[in-house]
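Peer 1:
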């Protein structure tokens, strides 16, 4: 099992998103504590929770603690499947951050992934914009042989 203290360094949601992606790709259980501990309102917010839930859908993961405000999460992934998925960020939380947290997982899926995000923000504070993903990240990935598209 991978044990992570989410309150280390900046104590941001990035630790959570990367830990979930790495655990999923490696097929290892994850236990993360102190989620977003150094933030004014610690714990899972809508965009963090939806990133975890979307990752879980990709690999049929078992979850414990995946609720709003939770500061502790257990995530046990299974094989990464792929398919058509729906994600809903109930606030103006960052859509690009959800994409960035699930994209590494999608690269290892058995079948292609189509992810539709119904709500959320495209240009939010402290997060890359959708235009950054479209105009910088995706062309760079294409040069590396990775095919990904974003439609808004």
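Numbering (the numbering used here), first residue to last: 34 to 185.
C-beta: ideal position from N, C-alpha, C; glycine also.
#1: Just the C-alpha distance for residue 35 and residue 56, rounded to the nearest angstrom, thanks.
#2: Could you check what DSSP says for residue 77 in three-state terms: helix, strand or coil?
#3: State buried or exposed for residue 138, treating a residue as buried only when at least 16 other CB atoms are found within 10 Å of its CB.
#4: Name the two residues that bound the continuous beta strand (DSSP E) containing residue 108.
#5: Counting along the chain, where does the alpha helix (DSSP H) carrying residue 54 start and finish?
#6: What residues in its chain sit with their C-beta under 6 Å from that of residue 161, if we drop five residues either side in the sequence?
#7: Would you say residue 79 and residue 126 are within 7 Å of each other, going by their C-beta atoms?
#8: Within 10 angstroms of the Cβ of residue 28, are there 16 or more other Cβ atoms? Answer buried if so, exposed if not.
Peer 2: A quick look at the data gives this:
#1: Looking at the backbone, the Cα of residue 35 and that of residue 56 are separated by about 7 Å.
#2: Residue 77: coil per DSSP, three-state reduction.
#3: By the neighbour-count criterion, in which 16 or more other beta carbons inside 10 Å mark a residue as buried, residue 138 falls on the buried side.
#4: Run containing residue 108: 106 to 109, per the beta strand (DSSP E) assignment.
#5: Annotation: the continuous alpha helix (DSSP H) that includes residue 54 extends over 46 to 59.
#6: If we look at residue 161 and ignore the five residues flanking it on each side, its Cβ neighbours are 129.
#7: Result yes, Cβ atoms of residue 79 and residue 126 sit closer than 7 Å.
#8: Outside the displayed range of the chain (34 to 185) lies residue 28, so it cannot be described from this structure.
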